[in-house]
Amino acid sequence: MTSDTSLYGIQKSKKVQKHISSSSSLAFTSTLSSLLSTSALPAAGTSRTRPSKYKSDTFTYHKKNPLNRKIEVKKEGVRGNEGHGSTVATLNIEAVDDATLHRSQRRLKAKAKIYSQIKRGELVENEEMLVDFDQKWAKEGDAESSSDVESDDGHGEMVEYEDEFGRARRGTRSEVERLERRKHSALVGAEDLVQMSARPAMPSKLIYGDAVQSLAFNPDEPIVAKMEELAAKRDRSLTPPEMRHYEADKEIRTKGVGFYSFSKNETVRQDEMKALERERLVTEKCREERKETKARRLKEIEERRRMIRGKRAIKQGNSFLDLLGDELGLGK
1 MTSDTSLYGI QKSKKVQKHI SSSSSLAFTS TLSSLLSTSA LPAAGTSRTR
51 PSKYKSDTFT YHKKNPLNRK IEVKKEGVRG NEGHGSTVAT LNIEAVDDAT
101 LHRSQRRLKA KAKIYSQIKR GELVENEEML VDFDQKWAKE GDAESSSDVE
151 SDDGHGEMVE YEDEFGRARR GTRSEVERLE RRKHSALVGA EDLVQMSARP
201 AMPSKLIYGD AVQSLAFNPD EPIVAKMEEL AAKRDRSLTP PEMRHYEADK
251 EIRTKGVGFY SFSKNETVRQ DEMKALERER LVTEKCREER KETKARRLKE
301 IEERRRMIRG KRAIKQGNSF LDLLGDELGL GK
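When we follow the UniProt record's numbering, the leftmost residue of the sequence shown carries the number 1, and every step to the right adds one.
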């Protein structure tokens, strides 16, 4: 048996086996345990960032907070100063004083407490909590009157004037002069603007929509004089108006059966009217006579009916008595 084969015919490996020392195995074990312990702890600050929903685009506009813009501007200024030899870059951001902040918080808490009491009805509103504007105005007026000092030329004298809205105001003479100068300058500026403008100004006396012509009721003086002259020449005596009546021949229309065409002559027309009046009276008289005759006939008919009903009742009573007597005689 050769030296290359083993006892059971298995060929030996050509690679030389390396023996691991105890110190190397101990170092490997400690390194592995430290790695396992560090991997078990949660990694702080190494979280995976989520992908953005919006993709960056060339035309995308990013809004910035005003505070961030202010800080960036200051940073750019600091960088510029660094280029000119500045070595320290500091940002001076305004901060609120602690005392001021504490005082503001204390006042806000006091106001909130008062508002809650008023809302619950625990605190009754009194006059001291409200502002008396009349008293405030009077105090301000007294202060202004005491502070005003009249000058030698009379510009501090109080005068009454009318403002642009037609209201009566009271102020110093200098204020009135200042308002007048302001009005004059405004008018001059408007005129200059109209003259310098390329587009002509619109007419000022245009009429839009429904309007009443006042000149029709308030004419000029020459027209008024002529109207008065004509009125003086007119006859003041009362003249009756001309009698005008309906003329049937001037209207093409089918008339009814009862239509009566009166004459155009006034005398004949009056005679026709009188004849119609007499006919109307005769007609009414005949109508009344017919009504009386009809009422008399109805009365006679009603009287006859009453007599007939009486006779019929007597006859029925006699027949009933005869029948009753016969029945009683048979019963006996």
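C-beta atoms are modelled at their ideal positions from N, C-alpha and C, and glycine is treated no differently.
If you're wondering where the values come from, they're calculated on a predicted model, not measured in any experiment.
Three-state secondary structure (DSSP) at residue i?
{"i": "Tyr115", "result": "helix"}
{"i": "Met243", "result": "coil"}
{"i": "Gly256", "result": "coil"}
{"i": "Arg236", "result": "coil"}
{"i": "Glu162", "result": "strand"}
{"i": "Ala211", "result": "coil"}
{"i": "Arg169", "result": "strand"}
{"i": "Ser263", "result": "coil"}
{"i": "Asn318", "result": "helix"}
{"i": "Met202", "result": "coil"}
{"i": "Gly325", "result": "helix"}
{"i": "Phe28", "result": "helix"}
{"i": "Asp192", "result": "helix"}
{"i": "Glu157", "result": "coil"}
{"i": "Glu289", "result": "helix"}
{"i": "Asp249", "result": "helix"}
{"i": "Asp271", "result": "helix"}
{"i": "Asp97", "result": "coil"}
{"i": "Gly121", "result": "coil"}
Which residues in the same chain as residue i place their Cβ atom closer than 8 Å to its Cβ, once the five residues preceding and following it in sequence are excluded?
{"i": "Ile207", "result": "none"}
{"i": "Asp220", "result": "none"}
{"i": "Lys111", "result": "none"}
{"i": "Phe259", "result": "Ala248"}
{"i": "Val176", "result": "Val159 and Tyr161"}
{"i": "Lys315", "result": "none"}
Of the residues the options, which one's Cα is nearest the Cα of residue i?
{"i": "Glu242", "options": "Val224, Glu266, Ile252 and Lys136", "result": "Glu266"}
Which residues in the same chain have their Cβ closer than 7 Å to the Cβ of residue i, if we skip the five residues on either side of it in sequence?
{"i": "Leu298", "result": "none"}
{"i": "Ser319", "result": "none"}
{"i": "Lys205", "result": "none"}
{"i": "Ser151", "result": "Confidence at Ser151 is low in this model, with a pLDDT of 48, below 50, so its placement is unreliable and no value can be given for it."}
{"i": "Arg170", "result": "Met158 and Glu160"}
{"i": "residue 388", "result": "Look at the range of the chain in this structure, 1 to 332, and you will see that residue 388 is not part of it."}
{"i": "Leu35", "result": "none"}
Assuming residue i and residue j make a contact with CB atoms under 8 Å, what is their CB distance in whole Å?
{"i": "Glu160", "j": "Ala168", "result": "6 Å"}
{"i": "Glu157", "j": "Arg173", "result": "5 Å"}
{"i": "Phe262", "j": "Glu272", "result": "6 Å"}
{"i": "Ala186", "j": "Val194", "result": "Ala186 to Val194, Cβ: 13 Å. No contact."}
Kindly list the residues whose CB is nearer than 6 Å to the CB of residue i, restricted to its own chain and excluding five residues on each side of it in sequence; keep chain order.
{"i": "Leu324", "result": "none"}
{"i": "residue 340", "result": "With the chain covering 1 to 332 only, the question about residue 340 has no answer from this structure."}
Does the distance between the C-beta of residue i and the nearest non-hydrogen atom of the ligand COA fall short of 7 Å?
{"i": "Leu108", "result": "Among the components of this structure there are no ligands whatsoever, and the ligand COA is therefore not found."}
Let me see if you follow: with CB-CB separation under 8 Å, is residue i close to chain B or not?
{"i": "Arg280", "result": "No chain B is part of this structure, which consists of one protein chain only."}
* To do: Examine the Cβ distances between the region 261–277 and the region 245–253 and report whether three or more of them are shorter than 8 Å.
  => Judged by Cβ distances under 8 Å, the region 261–277 makes contact with the region 245–253, as three or more pairs qualify.
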